[in-house]
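Take the sequence shown: its position 416, counting from 1, is numbered 435 in the numbering used here, and each next residue is one higher.
Think of the CB as a built atom: it goes at the ideal place given N, C-alpha and C, for glycine as much as any other residue.
All of these numbers come straight from a predicted model, not from anything done at the bench.
Worksheet: one structure, shown below.
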Amino acid sequence: MIADSSRANATRTGGDAVGASMVFVMRLVLALTAILTLFVAPGELGNRYGERTLLSSLIFGAYLLHSLTLLLAARRHRNPFWHGKAVYWIDLGWYALMVYCTGGGNSFFFPFFFFVILTASFQWGFDEGARITLGATLALAFATWLSDSNINEGHLLLRTAFVLALGYMIAYWGGTGVAQRRRLRLLRDVSRLSNPRFGVDQTIATMLIQTRDFYHASNCVLLMRDGPDELWQLHSSGAPDGRTSLARLPEGAAAPLLVFAPQALVQYAAALHPRLPGSLESRQRAPDATRWQPLPPEQVEQLIDLLDASSFVSAPLPLRKGEGRIYVVSDQHRFSRADAVFLQQLAAQVFPVIENIVLLDRLASDAAFRERQKIARDLHDTTIQPYIGLRHGISAVRQSLQADHPVSAELDKLLDMTTQVIGDMRQFARNVRQGAATTDAELLVALRRQAQQVQEFYDIQITIQAEDGLTISDRLAAEVFQIVNEGMHNIRKHTRARTGLISLSNADGQLRIRIENESPEGPSAPFLPGSLAERTAALGGTIAIDCSASGYTAVSIAIPV
């Protein structure tokens, strides 16, 4: 389960707002300095005795206006364009023009290229910084070639080599800084506990999706089990819709994913081209080893076909009890050994948290079991028994009447209704006592059964809708059942509506429940259903009421999962 906003935050490599604002200010400072230099020493900026001062004035003035416009636009409008990569390539073009009109290889302004290399590298990482560096080297050479027919080849070679070498170093260190910030952000996000009420599977699913997005991978696979006699749990985040899946596998089915040594760290990247077999990387590292060792080809061939990947990294899980392994798989991106090492560090950070959630979940389940026993007994003594007495009373009154008495039909109907309610309450008490798992299908069946009873008893047709693949944990399902059931009764008690619609969906990491009904009496005044609001607040959710003029009232509930 992944939200689109979480993916954007995970893949964003830009700096903070303060850093971006500083870049715009420094660009303006450079433009002012350049144009002041043009007026202070005009004769030294052209090829010969300032013969290009007019062209230089036009280019430098236009760049000053460009820099001022960018700064004002960025502060007035938070448009991503002003912070995008295109701005740096435009700067590269400006600096090439400055070099061209101020002497080519002898220009004072070639160091301006380092400004755009530095800002691009520290904002967007090594790849963009390396591209800007190569572009700056070519722009310097091309501007020098256009500017002067008598090129000093040695001078030009020295300057372009200097730009290329220093630019590459800046890109490398800038990329390292960006990568470290992204890693720290991921470690912070995965260390935040998910709500133990929703179980450990929710935490694992969130972690897999965040890890997949961080590595720009196509899939993230987790294989684990608690003991040697239990089935393997296979969690996968490679579904086309972005959701995670869970399967249970026997030892034989899980064996292809367990071909490596239990504690080995693994990195594999296919050859860049069939004609470049030497570019293939297939390495593993033992826990106490400092050097990476080659992997046997037979260990990798079957696994590559199974994962449908051109590159993957894998690390063991640091579990106190049990064992497992995590894989990050890609069919496009090429993983390095540093990626494998960080995956191991990530697992060491996350799985102690997951084991704590398992412990909390077990303690909560034990406490809930004892509480269910008490609720079931109270339900039987305080509710079911009085209903049974009521049914006996109705039955006695019915038997005392003649068959053709006008009230007999109504009493028969009331007697049938009471019998059905007693049966439902006994089933509910049995489920409470046994802690019956309310899976997604069972939840929807129970809700539709409640809607059918409302239609039979009160002639109100309520439709239950759920999106395909709706995932609700067993603990949350019990709360959802109570919320939806309360919503049905609110339609019956507080409106004259004859139809209603209840829809359930997952979106943006939230379970969304919408309860709506027609309003024959017209738009109602703003209100807040107290019971629904209390249940929603207890789950950390939000509630909103929409009373439209078209005659419909809707209660929208969002619960974080």
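(request) Evaluate the contact criterion for the region 277-295 versus the region 357-371: three or more CB pairs, one atom per stretch, below 8 Å. (result) Contact between the region 277-295 and the region 357-371 is present, because at least three Cβ pairs lie under 8 Å.
(request) Using three-state DSSP, classify Arg417 as helix, strand or coil. (result) Correct three-state label for Arg417: helix.
(message) For Val348, list the residues DSSP reports as bridge partners.
(response) Asn238, Phe331
(message) What residue range does the beta strand (DSSP E) around Glu537 cover?
(response) 529-537
(request) Sort Val426, Ser414, Gln418, Ala422 by Cα distance to Asp435 and report the nearest one. (result) Ser414
(message) Using a Cβ-Cβ cutoff of less than 7 Å, which residues in the same chain neighbour Pro579 once the five nearest sequence positions on both sides are dropped?
(response) Gly528, Gln529, Gly559, Gly560
(request) Name the residue from Ala184, Cys120, Arg94 whose alpha carbon lies nearest to the alpha carbon of Ile16. (result) Nothing can be reported for residue 16, as the shown portion of the chain is limited to 20 through 580.
(request) Identify whether Leu489 lies in helix, strand or coil by the three-state DSSP scheme. (result) Coil.
(message) Taking DSSP's pairing of strands, which residues face Cys566 in a bridge?
(response) Thr572
(message) By the DSSP assignment, the alpha helix (DSSP H) with Gly173 in it spans what residues?
(response) 172-210
(request) Output yes or no for whether 9 Å exceeds the beta carbon distance between Asn171 and Tyr346. (result) no
(request) Answer yes if the region 136-150 comes into contact with the region 113-125, meaning at least three C-beta pairs across the two stretches below 8 Å, and no otherwise. (result) The way I'd put it, the region 113-125 doesn't touch the region 136-150; fewer than three beta-carbon pairs between them come closer than 8 Å.
(message) For Asp324 and Thr309, I'd like the C-alpha separation in whole angstroms.
(response) 30 Å
(message) I'd like the list of long-range same chain contacts for Leu250, defined as Cβ closer than 7 Å, with 5 residues on each side in sequence excluded.
(response) Arg244, Arg267, Leu268, Pro269
(request) Just mark Asp232 as buried or exposed, buried being the case when its beta carbon has 16 or more other beta carbons within 10 Å. (result) buried
(request) Provide the residue(s) that pair with Gly343 in DSSP beta bridges, ordered along the chain. (result) Met243
(message) Run through the DSSP bridge pairs and tell me what Tyr287 is partnered with.
(response) Ser301, Phe331
(request) Express the C-alpha separation of Thr482 and Val499 in angstroms, rounding to a whole number. (result) 16 Å
(request) Spell out a yes or no on whether the region 41-51 and the region 73-83 are touching, meaning 3 or more CB-CB pairs, one atom from each, closer than 8 Å. (result) yes
(request) Please state if the CB of Gln303 and the CB of Leu274 are separated by a distance shorter than 9 Å. (result) The sequence as given places Ala at residue 274; Leu does not occur at that position. No, Cβ-Cβ distance for Ala274 and Gln303 is not below 9 Å.
(message) Taking DSSP's pairing of strands, which residues face Ile483 in a bridge?
(response) Ile521
(request) Take Pro591 and list the residues in its own chain whose beta-carbon comes closer than 8 Å to its own, dropping the five residues that flank it on each side. (result) Lying before the first or after the last residue shown, residue 591 is absent from the chain, which here runs from 20 to 580.
(request) Check whether the Cβ atoms of Asn504 and Leu463 sit closer than 9 Å, and answer yes or no. (result) no
(request) Flag this pair as yes or no: are the beta carbons of Ser522 and Arg533 separated by less than 9 Å? (result) yes
(request) Assign Ser264 to buried or exposed, taking buried as 16 or more other Cβ atoms, counted over all protein chains shown, within 10 Å of its Cβ. (result) exposed
(message) Here's the rule: buried if 16 or more other CB atoms are within 10 angstroms of the residue's CB, otherwise exposed. What is Glu429?
(response) exposed
(message) Considering only DSSP beta bridges, list what Ala280 is partnered with.
(response) None; Ala280 has no bridge partner.
(request) Report the partner residues of Ser264 according to the DSSP bridge assignment. (result) Ser255
(request) Quick one: residues in its chain with C-beta nearer than 7 Å to the C-beta of Ala160, no 5 flanking neighbours on either side, listed in chain order? (result) Leu175, Thr179
(request) Using the Cα positions of Ile189 and Leu253, report the straight-line distance between them to the nearest angstrom. (result) 42 Å
(message) Applying the 10 Å Cβ sphere with the 16-neighbour rule, what's the burial state of Phe354?
(response) buried
(request) Please report how far the alpha carbon of Cys566 lies from the alpha carbon of Glu535, in whole angstroms. (result) Separation of Cys566 and Glu535 (C-alpha to C-alpha, rounded to the nearest whole angstrom) is 10 Å.
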